[in-house]
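Structure first, then comments.
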Amino acid sequence: MSEPAPIRVAIAEDSVLVREGLVRLLAEAGFEVTAAAADPQGLLRAIDADRPDVIVLDIRLPPTHTDEGLRLAGAVRGSDGPRIGVLLLSQYVEAAYAYQLIESEAAGVGYLLKDRLSDIGELADAIRRVARGGSAMDPSLVAQLLRRRRERNPLDELTDREREVLGLMAEGRTNLAIADRLVITLKTVETHVASIFSKLGLEPEPDDHRRVLAVLTYLRSR
Amino acid sequence: MTSARGLRLGRIEVLAVALLAAGTVLGGVGELQQARYSDRPITWVVADFVAGWTFLLTGALAWVRRPDSRVGPILLAIGVDWFVGTNIRSSVDWISHVARTFQGYYEPLIGVLVLAYPTGRVAGRLERSVLIAWFVDQAAWSVAQLVLLRPLSWYGCPTCPDTIDAFIANRQLLETLAPMLLAGSILCAVGVLLLAARRLITAGPAGRRRLVPVAVAALALAVGIVATNGLRLTFVPALFNDPMTAALSYAIDMLAAVAVLFGLLQDRLARTAVADLVIDLRRDAESVVTDPRRLRDALARALGDPTLELFVADPGRSSYRDVAGMPVQLPGSTPRRAVTLIGGEGRPAAAIAHDPALLDDPGLISAVTTAVRLEADNRQLAGEVERQLAELRASRARIVTASDDERRRVERNLHDGAQQRLISLSMELGRLRAAAGRSNDPALAHGLDQLSAQLEAAIEELRELARGILPPILTDAGLGPAVESLALRASVPVEAEVRVPGRLPPAVESTVYFVIAEALANVGRHAHASHVTIRISADQGRVSVAVEDDGIGGAVPARGTGIQGLMDRVGALGGTLRVDSRPGRGTAVRAEVPIPP
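Protein chains in written order, with my numbering: chain A, 66 to 287; chain B, 736 to 1332.
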């Protein structure tokens, strides 16, 4: 059984400390870091020179330090050629940015708080999901959306376990990952998912990333 | 006279009344002598008295009503001298001598009246020369009579006793001198008439209007004097003593005195025009004072000078513009055109070029210019206050902007500094935890886990602190996303409706954001609400924001310093903030903020 080729990652992060930390962290976690740029131009050049599987980038980048990362993500995903996964990192997680990111296509995108960098397992998992064409939404954002108070709240009809499963779905996790996380069987997860979709009046979605889009859109609309 | 002044008579009133009384007594006695010793009919004597008394009365009135003018004293002097002359037939020798010495000066005095009206001061060398010549002629005439004797028949009284027989009589010399002296007085009278005509012709419209009464008087008097003296000169006693001629002469004298008085009082009436001007300026202050044309018209009306020109000083105060706004050189004062500066403390705000005759009544022009200056000062003060207010508003708005800039800077510094450092720390810690997990040292792993949890809490706290200072989402994405972010975090269901096209100026966005943030925080703290509605709309240069809850109401805005601070912030941008919170009816926070162009 041969080792699969390592996932190739390019980084854009203007803080030297964080950038170098990331390079070290990802290398240790078995990723191949193809480039570590400090600004959008650097990353674009690196992509041209050596196309990575995933880019990991800060939302605030030079020159204006506002939402360059977000715009860069849109540009990279809109470009021709093999798909590149995008994992956006931010000091703040804002719903508006998350929805802008997944607006058309939740496949191969992730949006995480920088806080997640402290848990290499979680970061590596997110990169792998994005590389696979899945999604990775920050748990704090999902929690915010689930916690959001609503007038008439169909979420109230969910059981606690179902709410947990819904949250993990929204984060972009597969049924298998959910079963693993909750230490339940895959069959049980599938039952929960079917029940959730039924209670919320959603059409079942076979693809994970489509499921993320549907769930997040549902959470935003109420 | 007002009653207040009437209670205590001034010096001038006392003097005028005293002279009036003395002249009346003098005239009464003199005319009685005339009635007794002359062959003139009593009606003539009465007419003579009435004519003289008209001068006394008009003189007293003129002096009291226009103490600034010497016309009153001149009229009184004419009246007194008129009656001095009636006493030449006094049975008391010395009175007769005094009367002979001083009689007849009323004629040159009338000349003075004509040329000195309306101020009572004679301007012009030629004018003064003619008048002096007339007085000298009169003096020579008096001396000649005293020294050379004159038959009383000259006065139309052939039967009168000649009381100065003791004097050396030299009829020959007297009869030689008399025509010359009479001719001199006629020449002087004609000169005065011509000079008066010149004044009338050269005067501006305002001056001409004021000179009309005295012109009538001058013409009448000159004709009268020339006629009577001419008749004396031609030795036609019959005509000279004709009652019709005399009646005409007296009528002319009275007409002159009354005309002069009327003219003076008319002048006084002109001053009421100042009151009209003040009313003009007040009623229509905006346009009259700001529109030089209208101010010029108002001034021309008030001063009765249609040729009046107005020059407005430039703010720099060294140059002037005409009413059309064209720069002009301020003309200098000439005898035909006077220039008066308006404005205090040597800093004229304007100047008027006008008929110099207006200066004859300094009170009038100073009243008018003072009225204009007061109004201009008022406007200047109002403008100053307005300007300071505008400056204050701008400064408050700048403070808001500066404070936002500072917030942005602090947030950016936190983000780039402390937060990145803590993130990098947490990454290192994460590597250590991974290593510890492999090292089979549960105590170390546990310790590192705890450390990591604390670090995470620190990062979270720092994030919330930074967000409270100024959320980057507001700066980066605007009100809509920022309000959505607030709504997601709110403790009650929030329905937000943001109708704002594009982005607004940063200070407006941040102010609206903070209004909503504070209102939501208060809802969470006090309102016990189950629902909040946020509405933001931008139209007609204003942003309106309303945050309404269905809670218990009864919030007192003054108590929360947060709301007070927001009111200051909204006010600084020229907006308004209202909190409606009746108990049981929920709380509504409404703000309107103008969008600067």
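Beta carbons are placed, not taken as given, at the ideal position from N, Cα and C, and that holds for glycine.
Would you mind reading off the limits of the beta strand (DSSP E) that contains tyrosine 176 (chain A)? Your numbering for residue 176 (chain A) matches position 111 in the first sequence. Where tyrosine 176 (chain A) is concerned, the enclosing beta strand (DSSP E) stretches over 174-178.
When you compare only the Cα positions, how much space is there between arginine 856 (chain B) and proline 1091 (chain B)? Within the second sequence, the letter at position 121 stands for residue 856 (chain B). Within the second sequence, the letter at position 356 stands for residue 1091 (chain B). So the two alpha carbons sit approximately 14 Å from each other.
Examine the Cβ distances between the segment 179-196 of chain A and the segment 1157-1165 of chain B and report whether three or more of them are shorter than 8 Å. Yes, the segment 179-196 of chain A is in contact with the segment 1157-1165 of chain B.
For chain B, check one thing: does any of its Cβ atoms lie closer than 9 Å to the Cβ of arginine 276 (chain A)? Position 211 of the first sequence, counting from 1, holds the residue named residue 276 (chain A). Between arginine 276 (chain A) and chain B, the shortest Cβ-Cβ separation is not below 9 Å.
Endpoints, the alpha helix (DSSP H) within which methionine 202 (chain A) is located: Within the first sequence, numbered from 1, the residue matching residue 202 (chain A) stands at position 137. Not the alpha helix (DSSP H): methionine 202 (chain A) falls in the beta strand (DSSP E), residues 200-202.
Here's a check: name, in chain order, each residue in its chain whose Cβ is nearer than 6 Å to the Cβ of glutamate 1232 (chain B), leaving out the five neighbours to either side. As a working mapping, residue 1232 (chain B) is identified with position 497 in the second sequence. The beta carbon of glutamate 1232 (chain B) lies closer than 6 Å to those of Arg1270 in the same chain, with the five residues before and after it left out.
In whole angstroms, give me the CA-to-CA distance for alanine 172 (chain A) and threonine 239 (chain A). Position 107 of the first sequence, counting from 1, holds the residue named residue 172 (chain A). Position 174 of the first sequence, counting from 1, holds the residue named residue 239 (chain A). Going by C-alpha positions, alanine 172 (chain A) is about 13 Å away from threonine 239 (chain A).
What number of angstroms, rounded off, separates the C-alpha of serine 877 (chain B) from the C-alpha of leucine 761 (chain B)? As a working mapping, residue 877 (chain B) is identified with position 142 in the second sequence. As a working mapping, residue 761 (chain B) is identified with position 26 in the second sequence. Rounded to the nearest whole angstrom, the CA to CA distance from serine 877 (chain B) to leucine 761 (chain B) is 19 Å.
With 9 Å set as the bound, which would you pick, yes or no: does the beta-carbon of serine 183 (chain A) sit closer than that to a beta-carbon of chain B? What you label residue 183 (chain A) is simply residue 118 of the first sequence in a count that begins at 1. So, interface residue.
Please classify leucine 1116 (chain B) as buried or exposed, where buried requires at least 16 other C-beta atoms within 10 Å of its C-beta. To locate residue 1116 (chain B), count along the second sequence from 1; it is residue 381. The residue in question, leucine 1116 (chain B), is exposed, as its Cβ has fewer than 16 Cβ neighbours within 10 Å.
Using a Cβ-Cβ cut-off of less than 9 Å, give me the residues of the segment 1208-1232 of chain B that come near chain A, in sequence order. Within the segment 1208-1232 of chain B, Ile1208, Thr1210, Asp1211, Ala1212, Gly1215, Pro1216, Ala1217, Glu1219, Ser1220, Ala1222, Leu1223, Arg1224, Ala1225, Ser1226, Val1227, Pro1228, Val1229, Glu1230 place their CB atoms closer than 9 Å to a CB of chain A, listed in sequence order.
Exposed unless 16 or more other CB atoms sit within 10 angstroms - verdict on threonine 1075 (chain B): Here residue 1075 (chain B) is taken as the residue at index 340 of the second sequence, counted from 1. Within a 10 Å sphere around the beta-carbon of threonine 1075 (chain B) sit 16 or more other beta-carbons, which makes this residue buried.
Return the chain-ordered list of same chain residues with a C-beta closer than 6 Å to the C-beta of arginine 1313 (chain B), the five sequence neighbours on each side being excluded. The count along the second sequence starts at 1 and reaches residue 1313 (chain B) at position 578. Counting only Cβ-Cβ distances below 6 Å, and skipping sequence neighbours, we find Arg1325.
Nearest neighbour of alanine 1084 (chain B), chosen from B:Phe1046, B:Gly942, B:Val833, B:Ala1180 [CA to CA]: By 1-based counting over the second sequence, the position of residue 1084 (chain B) is 349. With distances taken between CA atoms, alanine 1084 (chain B) lies nearest to B:Phe1046 out of B:Phe1046, B:Gly942, B:Val833, B:Ala1180.
Taking isoleucine 1169 (chain B) as the query, report the chain A residues whose CB atoms sit under 7 Å from its CB, ordered along the chain. The residue you call residue 1169 (chain B) lines up with position 434 of the second sequence. In the sequence on display, residue 1169 (chain B) carries alanine and not isoleucine. The answer, in chain order, is Ile185.
At the 9 Å Cβ level, is glutamine 1194 (chain B) part of the contact set with chain A, yes or no? Numbered from its first residue, the second sequence carries residue 1194 (chain B) at position 459. Note that residue 1194 (chain B) is isoleucine in the sequence shown, not glutamine. It does: the Cβ of isoleucine 1194 (chain B) has a partner Cβ on chain A nearer than 9 Å.
Going by the CB atoms, is the gap between proline 1207 (chain B) and glutamate 1253 (chain B) shorter than 9 Å? Taking the first residue of the second sequence as 1, we reach residue 1253 (chain B) at position 518. Taking the first residue of the second sequence as 1, we reach residue 1207 (chain B) at position 472. Cβ distance not < 9 Å, so glutamate 1253 (chain B) and proline 1207 (chain B) don't count as in contact.
First and last residue of the alpha helix (DSSP H) that includes phenylalanine 818 (chain B)? Within the second sequence, residue 818 (chain B) is the residue found at index 83, counting from 1. It spans 806-820 - the alpha helix (DSSP H) in which phenylalanine 818 (chain B) sits, taken as one unbroken run.
Tell me whether aspartate 1233 (chain B) sits in a helix, a strand or coil according to DSSP, three-state version. Stepping through the second sequence from its first residue, residue 1233 (chain B) is reached at position 498. It should be pointed out that residue 1233 (chain B) corresponds to valine in this sequence rather than to aspartate. DSSP, read as helix, strand or coil, puts valine 1233 (chain B) in strand.
So the candidates are B:Thr793, B:Ala1171, B:Ala874, B:Ala1193; which of them puts its Cα closest to the Cα of leucine 1183 (chain B)? Taking the first residue of the second sequence as position 1, residue 1183 (chain B) is located at position 448. Selected option, being the one with the closest Cα: B:Ala1171.
Hey, quick one: how far does the alpha helix (DSSP H) through aspartate 1032 (chain B) stretch, first residue to last? Here residue 1032 (chain B) is taken as the residue at index 297 of the second sequence, counted from 1. Segment 1027-1038, the alpha helix (DSSP H) holding aspartate 1032 (chain B).
I'd like the list of long-range same chain contacts for glycine 1215 (chain B), defined as Cβ closer than 8 Å, with 5 residues on each side in sequence excluded. The residue given as residue 1215 (chain B) occupies position 480 in the second sequence. Excluding positions up to five away in sequence, the list reads Val1233, Val1235.
CA-to-CA distance, valine 780 (chain B) to valine 925 (chain B), given in whole angstroms: Counted from its first residue, the second sequence places residue 925 (chain B) at position 190. Counted from its first residue, the second sequence places residue 780 (chain B) at position 45. One C-alpha to the other measures close to 28 Å.
Using only alpha-carbon positions, find the residue among B:Ala1169, B:Gln1064, B:Asp774, B:Leu999 that is nearest to proline 802 (chain B). Counting from one through the second sequence, the residue named residue 802 (chain B) turns up at place 67. Nearest option by C-alpha distance: B:Leu999.
Please report the distance separating the alpha-carbon of glutamate 170 (chain A) from that of arginine 275 (chain A). Numbered from its first residue, the first sequence carries residue 170 (chain A) at position 105. Numbered from its first residue, the first sequence carries residue 275 (chain A) at position 210. When rounded, the distance between both Cα atoms is 8 Å.
Determine the chain B residues that contact tyrosine 176 (chain A) at a beta-carbon separation under 7 Å, and present them in chain order. Within the first sequence, the letter at position 111 stands for residue 176 (chain A). Here the premise fails: no neighbours, minimum Cβ distance about 13 Å.
Given 8 Å, three or more beta-carbon pairs between the segment 112-119 of chain A and the segment 1190-1199 of chain B: Taking one beta carbon from each stretch, the segment 112-119 of chain A and the segment 1190-1199 of chain B have fewer than 3 pairs nearer than 8 Å; the two do not touch.
Which value, in whole angstroms, describes the spacing of the CA atoms of leucine 917 (chain B) and alanine 992 (chain B)? Here residue 917 (chain B) corresponds to residue number 182 of the second sequence, with the count starting at 1. Here residue 992 (chain B) corresponds to residue number 257 of the second sequence, with the count starting at 1. Going by the C-alpha atoms only, they are around 24 Å apart.
Using 9 Å as the threshold, is the C-beta distance between glycine 150 (chain A) and valine 174 (chain A) below it? Your numbering for residue 150 (chain A) matches position 85 in the first sequence. Your numbering for residue 174 (chain A) matches position 109 in the first sequence. In this structure, the beta-carbon distance from glycine 150 (chain A) to valine 174 (chain A) falls below 9 Å.
Closer than 9 Å to chain A by CB, histidine 1150 (chain B): For this step, residue 1150 (chain B) is matched to residue 415 along the second sequence. Yes - at least one Cβ of chain A is within 9 Å of the one on histidine 1150 (chain B).
Determine the contact status of isoleucine 120 (chain A) and isoleucine 76 (chain A), defining contact as a CB-CB distance below 9 Å. Here residue 120 (chain A) corresponds to residue number 55 of the first sequence, with the count starting at 1. Here residue 76 (chain A) corresponds to residue number 11 of the first sequence, with the count starting at 1. Yes, Cβ-Cβ distance for isoleucine 120 (chain A) and isoleucine 76 (chain A) is below 9 Å.
Among B:Gly814, B:Val1258, B:Ala1264, B:Leu844, whose alpha-carbon lies nearest the alpha-carbon of alanine 874 (chain B)? The count along the second sequence starts at 1 and reaches residue 874 (chain B) at position 139. Relative to alanine 874 (chain B), the option among B:Gly814, B:Val1258, B:Ala1264, B:Leu844 whose CA is nearest is B:Leu844.
By the 10 Å Cβ neighbour count, where 16 or more other Cβ atoms means buried, how is glutamine 1299 (chain B) classified, buried or exposed? For this step, residue 1299 (chain B) is matched to residue 564 along the second sequence. Classification for glutamine 1299 (chain B): exposed.
Give the straight-line distance between the Cα atoms of isoleucine 903 (chain B) and leucine 912 (chain B), rounded to the nearest whole angstrom. Here residue 903 (chain B) is taken as the residue at index 168 of the second sequence, counted from 1. Here residue 912 (chain B) is taken as the residue at index 177 of the second sequence, counted from 1. Residue placement at isoleucine 903 (chain B) cannot be trusted, given a pLDDT of 45 that sits under 50; what the coordinates show is reported in the next sentence. Their backbone Cα atoms lie some 16 Å apart in a straight line.
In angstroms with no decimal places, state the Cα-to-Cα distance between alanine 1323 (chain B) and isoleucine 1330 (chain B). What you label residue 1323 (chain B) is simply residue 588 of the second sequence in a count that begins at 1. What you label residue 1330 (chain B) is simply residue 595 of the second sequence in a count that begins at 1. Roughly 22 Å between the two C-alpha positions.
Output yes if chain B places a C-beta closer than 9 Å to the C-beta of valine 83 (chain A); else output no. Here residue 83 (chain A) corresponds to residue number 18 of the first sequence, with the count starting at 1. Yes, valine 83 (chain A) counts as interfacial toward chain B.
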